[in-house]
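Residue numbers (our numbering): 451 to 492. For glycine and all other residues, C-beta sits at the position ideal for the given N, C-alpha and C. Computed from a predicted structure; not experimentally measured. Inspection log for the structure reproduced underneath, given as structure tokens.
Right under this line is the structure:
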């Protein structure tokens, strides 16, 4: 199964655990697209 995830949250290491667990499945081809950085306004 191909999985594409686009997420600003994955810039932070604490959010990457879920993706690591998903990538452990042999039948999953995981691609994650994240911005090089993210700045919250306010």
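In whole angstroms, what is the alpha-carbon distance linking residue i and residue j?
i: residue 486; j: residue 457; result: 11 Å
i: residue 462; j: residue 472; result: 17 Å
i: residue 451; j: residue 479; result: 6 Å
i: residue 465; j: residue 488; result: 14 Å
i: residue 474; j: residue 467; result: 11 Å
Thinking just about the alpha-carbon of each residue, which of the options is nearest to the one in residue i?
i: residue 490; options: 454, 464, 474, 459; result: 459
With a threshold of 6 Å on Cβ separation, who are the neighbours of residue i within its own chain once the five nearest residues in sequence on each side are excluded?
i: residue 455; result: 482
In the DSSP assignment, find the beta strand (DSSP E) that holds residue i and state where it starts and stops.
i: residue 489; result: Segment: none, residue 489 is in no beta strand (DSSP E) and carries neither H nor E.
Could you pull out every residue in the same chain whose Cβ sits closer than 8 Å to the Cβ of residue i, ignoring the five residues on either side in sequence?
i: residue 469; result: 455, 460, 480, 482
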